[in-house]
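J.:
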Amino acid sequence: MPHIDKNIQTPVQQYGDWQVMPDGEIINFRRRLRIYPDRLTEPDWWLSLRTREWMSSEWNYFIPAWFLACQTAGITEIPNFKLNY
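Here the sequence shown stands for residues 66 to 150, where the numbers follow my numbering.
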């Protein structure tokens with residue numbers, strides 16, 4: 066029997082396919098991605114995500130979701146986070 070999560074959250078806000086949860090988690094069900102609040106400031110997922118071909122069409126939805134998720138999770142500064150293109 067599959068596990069059923071009894072603590073289902075309702076999104077605070079949705080930007081395109083990106084949902085921001087009350088704890089700061091970002092979920093994209095269509096892409097099967099979850100970014101947990103404790104990982105929002107870590108660059109490893111960022112480097113992988115920004116190089117995906119499909120991300121170019123979702124960039125304008127993801128960035129507002131990421132900023133809201135950081136704010137919701139209480140993150141005010143992201144140290145050593147660089148956007149190099």
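Cβ coordinates follow ideal geometry from the N, Cα and C atoms, glycine included.
1) Nearest chain D C-beta to residue 75 closer than 8 angstroms, yes or no?
2) Measuring alpha carbon to alpha carbon, tell me which of 106, 87, 91, 103 ends up nearest residue 126.
3) Apart from the five residues just before and just after residue 133, which ones in its own chain have a Cβ nearer than 6 angstroms to its Cβ?
4) Output yes or no for whether 8 angstroms exceeds the beta carbon distance between residue 82 and residue 96.
5) Distance, Cα to Cα, residue 76 vs residue 116?
T.: Answer, in terms of the structure:
1) Looking at the structure shown, chain D is missing, and only one protein chain is on hand.
2) 91
3) If the five residues before and after residue 133 are omitted, its C-beta is found closer than 6 angstroms to the C-beta atoms of 78, 85, all from its own chain and listed in chain order.
4) Yes, they are a contact pair.
5) 26 angstroms
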